[in-house]
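Structure first, then comments.
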DNA sequence: ATAACTGATACTATATTGATATCAATTAAA
DNA sequence: TTTAATTGATATCAATATAGTATCAGTTAT
C-alpha cells in the first residue's frame, strides 16, 4: 500500500523548491536536475499544478515557474487529491449498489472514520510547514539517521 | 487513492462469513455465491489466508474452509498487509539512498507519523469487532442510509 | 464409482503508474 | 533579428499492479 506515488512525491519536492525561492522563476530543467526528477514527467506535473492554481508560469527564455498560492495554504492532502485522486474505501463500491451487503456497510463505516483521520492528518501538513521543518533540519549538523550524501535543496544555487 | 483493493475487500467479507458460522466448513462456492465474489478469484484469496494461518481447509466433498484464528485476533491491518503489502511512504525510496535529499527526509518523517496513526486505526478494527457491529446492525430495523436491497450475510442460509 | 470439493498453477485482460518524445509558440538576450 | 532557452500541449510507450479466468490433479463423503 503506497501512500504517495511518484507524482505526488515529485510535486511536493518541486513545491518545496519553489516555496524556498520566492519571487523568481525556476525552470523545469533546474527543478528536475536539482531534485532528480525526470524532466518531461515533471513538466506534466507542473502544468497540472498551474491548472489547480498552485503555481504560475512564464514562457520563453528565463521563464519558469513560481508559487501562486502561499505555501501555508497548500496542504499535501490537496496534492494527494490532485495526483492520486480522492481517498476512497474501495472503488465506486457505493455508487453501484446502496448498501447491498450489510457487511460492506459496517466495514465502510469504520473505513470512512479512518479516512477522516487520515485526511485530517494530511491537511495539517502544508508545504509551508515542510519548508520550515526543512530549514530547521538544515540548521543542524546531522539530520536524518545516516550520513548526508548530498543536500540539493540547501547547497545548489539555481 | 484506494484504501482497500478488491482482494482485501473480498477477503474481509469471506472472513466475516466464516467468522459468523463457526465449527462448520463453508465451501468457496457458497462464499462466492453469497458474497458475490468471483469464484476462482476467491479461491486464490482463501489459499493465501491458509498460508497465513488465518483459516484451515478440508478437501473433498463437504469440504471447505473454517476459521483457524480467533476473529478478534485478526485486525484488518493484517489483511491489508497480506493483500496490499505493508503501508509505505513511496516505494523503496529509502533503501536506494539514505537521506540523499533532505526535503524527502523531512517529508518522510511526517508521513511515517501518519503511517503509524493509520496502522494503529486499522489494528483496532478486527474481524471480531466487525462481526459484532454487523450483528448489532442486523438487529435494527434500518441500518445504513438508504433502503436495504438485500442482506446476504443475514438472510441466506449456507 | 462419482460428484463435490480443494491444491496448485498458468494464463489473460485491464487499469494505473511512470516515463519519453515531439512540435509549436513565446521571450530574453546576443 | 536571429537564436537559444523555455513553456504549452499532446501523443506514445513501457512497466507494474489489479482483477479475473481456466485447467487439471488429488481428496473425500455418499
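Chains as they are written, first to last, in my numbering: chain A, 1 to 158; chain L, 1001 to 1158.
Yeah, the Cβ is synthetic: ideal placement off N, Cα and C, and Gly gets one too.
It should be emphasised that the depicted structure is a prediction, and the values quoted were computed from it without experimental measurement.
Alpha-carbon spacing of residue i relative to residue j, whole angstroms
i	j	result
residue 1024/L	residue 1043/L	18 angstroms
residue 138/A	residue 1106/L	10 angstroms
residue 32/A	residue 41/A	9 angstroms
residue 136/A	residue 19/A	15 angstroms
residue 72/A	residue 1080/L	33 angstroms
residue 1112/L	residue 1078/L	18 angstroms
residue 15/A	residue 122/A	16 angstroms
residue 7/A	residue 1017/L	39 angstroms
residue 98/A	residue 86/A	Reliability fails at residue 98/A, whose pLDDT of 42 lies under 50, so the model's placement of it is uncertain and the value that follows must be treated cautiously. Roughly 20 angstroms separates the two Cα atoms.
residue 1134/L	residue 1128/L	10 angstroms
residue 1054/L	residue 1069/L	5 angstroms
residue 59/A	residue 65/A	9 angstroms
residue 1109/L	residue 9/A	14 angstroms
residue 51/A	residue 35/A	22 angstroms
residue 1132/L	residue 1026/L	20 angstroms
CB contact flag (residue i, residue j, <8 angstroms)
i	j	result
residue 1049/L	residue 1011/L	yes
residue 3/A	residue 1088/L	yes
residue 1075/L	residue 1005/L	no
residue 1001/L	residue 84/A	yes
residue 13/A	residue 1103/L	yes
Start and end residues, beta strand (DSSP E) containing residue i
i	result
residue 55/A	55 to 58
Three-state secondary structure assigned by DSSP to residue i
i	result
residue 1002/L	strand
residue 1064/L	strand
Extent of the continuous alpha helix (DSSP H) run through residue i
i	result
residue 47/A	39 to 51
residue 1131/L	1127 to 1139
residue 1079/L	1076 to 1084
residue 1035/L	1028 to 1035
Check your understanding: Looking at C-beta atoms only, is the number of pairs between the segment 106 to 117 of chain A and the segment 1103 to 1121 of chain L that lie closer than 8 angstroms three or more?
Key -> Contact between the segment 106 to 117 of chain A and the segment 1103 to 1121 of chain L is present, because at least three Cβ pairs lie under 8 angstroms.
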